[in-house]
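Heads up: the structure comes next, in structure tokens.
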Amino acid sequence: MAQLSCSARAVFEGVSQISMGWMLSTVGTALESYGLVAGAAINRQAENTQIQGIYNAEQASAKKGLEASNLSTEARRVSSVAGVEGGLVSSLGQIRANQVTQTMIANANRNFGILSSQASTNREIATMKAENTGMQNIRSLDGIKENSLRSQGTNQSFGMLKYEAIPGGGNIPIRKGVEFYDYMKDQHILQQGTRTMNNTTTDTYQLQNQNTQYVTDQKIDASQTYQGEMNSAFNRQAAETIQAVNTGTNIAAGAANQGAGIQISGINTSAGMEKQANQLNFDGRIEAANINQKASTEAAHLRMMSTVVTGFFRDMDRRIEEMKPKY
Numbered sequence: 014m015a016q017l018s019c020s021a022r023a024v025f026e027g028v029s030q031i032s033m034g035w036m037l038s039t040v041g042t043a044l045e046s047y048g049l050v051a052g053a054a055i056n057r058q059a060e061n062t063q064i065q066g067i068y069n070a071e072q073a074s075a076k077k078g079l080e081a082s083n084l085s086t087e088a089r090r091v092s093s094v095a096g097v098e099g100g101l102v103s104s105l106g107q108i109r110a111n112q113v114t115q116t117m118i119a120n121a122n123r124n125f126g127i128l129s130s131q132a133s134t135n136r137e138i139a140t141m142k143a144e145n146t147g148m149q150n151i152r153s154l155d156g157i158k159e160n161s162l163r164s165q166g167t168n169q170s171f172g173m174l175k176y177e178a179i180p181g182g183g184n185i186p187i188r189k190g191v192e193f194y195d196y197m198k199d200q201h202i203l204q205q206g207t208r209t210m211n212n213t214t215t216d217t218y219q220l221q222n223q224n225t226q227y228v229t230d231q232k233i234d235a236s237q238t239y240q241g242e243m244n245s246a247f248n249r250q251a252a253e254t255i256q257a258v259n260t261g262t263n264i265a266a267g268a269a270n271q272g273a274g275i276q277i278s279g280i281n282t283s284a285g286m287e288k289q290a291n292q293l294n295f296d297g298r299i300e301a302a303n304i305n306q307k308a309s310t311e312a313a314h315l316r317m318m319s320t321v322v323t324g325f326f327r328d329m330d331r332r333i334e335e336m337k338p339k340y
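Just so we're aligned, residue 14 is where the sequence shown starts under this note's numbering, counting upward by one.
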């Protein structure tokens with residue numbers, strides 16, 4: 014009985030030891046598996062943190078790159094637009110300067126033409142007036158001279174008549190007495206003839222002077238009419254020249270503005286397309302960063318699983334080897 018009891022105790026102790034070994038092995042396996050999982054999780058978290066940092070850095074770099082590219086594009090656009098606008102201002106300034114110059118030249122030519130033509134007309138009118146005055150004065154002087162000489166001849170005839178009426182006696186012939194009587198009354202036939210001829214002479218040179226004055230007035234009117242027409246012609250020529258200059262200026266200015274507008278439109282379109290390209294580049298970098306983040310995260314997860322599985326089965330293999338019977 015004592016031997017049986019010792020044998021049973023030995024079996025019990027052996028079973029207890031085996032059970033204890035299995036329990037401790039299981040606990041050790043669980044602890045090691047937990048350690049593997051926890052370590053792999055920490056490693057995965059570290060990798061995820063690194064991946065997120067790289068992703069955030071890529072995003073920040075892409076965003077700043079987009080801002081820098083857009084700023085550079087805007088700077089080129091502003092510079093190009095400023096160049097076009099500066100050229101436009103210069104072109105419009107030259108066009109305006111040419112317009113002002115041509116307008117001033119047209120006005121100067123008009124004023125010179127009017128003044129020179131007016132001077133010629135004034136000289137012509139002054140010459141005609143002088144000739145008219147001189148001609149009338151000559152006729153008047155000739156008429157007065159002729160009348161005076163004729164009157165002197167009549168007076169001379171009556172003077173001789175007086176001497177002829179005195180033959181040396183005291184009686185004057187009847188005919189001579191009648192002539193003296195008529196002469197004293199200013200009714201002698203010679204006086205009447207002289208008066209008539211003097212009137213005729215006076216009327217003649219006065220009519221001639223009137224005709225000369227009429228002709229001179231007509232010439233002056235014609236000269237003044239001509240001057241007025243010349244002034245109108247000069248004004249019309251200047252107005253048409255200025256209108257032509259203004260029309261050309263408007264066409265040139267319109268073309269310059271249109272050309273500048275086309276250039277600025279092209280610059281803005283180019284800048285917009287470049288910004289779209291920058292945005293596409295930014296979107297591509299962000300999308301690539303997302304793909305890289307997702308792939309890196311998945312790879313970190315798989316590496317964690319690989320570490321856990323590999324460690325677990327390595328531990329199981331080691332423990333199975335330890336539980337093999339020892340001979």
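Cβ atoms here follow ideal geometry from the backbone N, Cα and C, with glycine treated the same way.
Short Cβ contact (8 Å threshold) for residue i with residue j
i	j	result
Phe247	Arg123	yes
Thr229	Lys158	no
Ser130	Gln240	yes
Gln306	Tyr68	yes
Leu101	Asn270	yes
Ala273	Glu87	no
Thr207	Ser164	yes
Asn222	Arg152	yes
Asn8	Gln231	There is no way to answer for residue 8, as the model of the chain reaches only from 14 to 340.
Ile64	Thr310	yes
Met317	Ala54	yes
Ala235	Leu105	no
Residue nearest to residue i in terms of C-alpha spacing, selected from the options
i	options	result
Gln237	Ile299, Ile138, Thr260, Glu287	Ile138
Met386	Ile275, Ser129, Leu220	Nothing about residue 386 can be reported from this structure: the residues present for the chain run from 14 to 340 only.
Asn263	Gln107, Lys198, Thr310, Ile55	Gln107
Met210	Gly261, Gly156, Gln256, Ile299	Gly156
Ala119	Gln58, Asp216, Asn259	Asn259
Ala95	Thr323, Gln231, Ile277, Ala312	Ile277
Thr217	Glu253, Asn160, Ala265	Asn160
Gly78	Ala290, Gly66, Asn212, Thr134	Ala290
Ile255	Leu105, Gln115, Asn61	Gln115
Ser92	Thr320, Ser319, Ala284, Leu128	Ala284
Ala252	Arg136, Asn150, Ala121	Ala121
Leu128	Ala312, Gly279, Ser245, Ala308	Ser245
Cβ-based neighbour list, residue i, same chain, cut-off 6 Å, excluding 5 preceding and 5 following
i	result
Ala75	Phe295, Arg298, Ile299
Gln126	Before going on, a small fix: residue 126 reads as Gly here, not Gln. These residues qualify, in order along the chain: Phe247.
Gln112	Val258, Thr262
Met243	Ser130
Thr134	Ser236, Gln240
Own chain residues within Cβ distance below 7 Å of residue i, not counting five before or after
i	result
Glu287	Thr86
Thr71	The residue you asked about is not Thr; residue 71 is Glu in the sequence shown. The residues are Arg298, Ala302.
Residues of its chain near residue i, where Cβ-Cβ distance is below 8 Å and the 5 sequence neighbours each way are ignored
i	result
Ile233	Ile138, Met141, Lys142
Leu347	Nothing in the structure corresponds to residue 347, since the chain is present only between 14 and 340.
- Message: Using 8 Å as the cut-off, can you tell me whether the segment 302-316 makes contact with the segment 76-83, which would need three or more C-beta pairs spanning the two stretches below that distance?
- Response: Flag = no, the segment 302-316 and the segment 76-83 do not touch.
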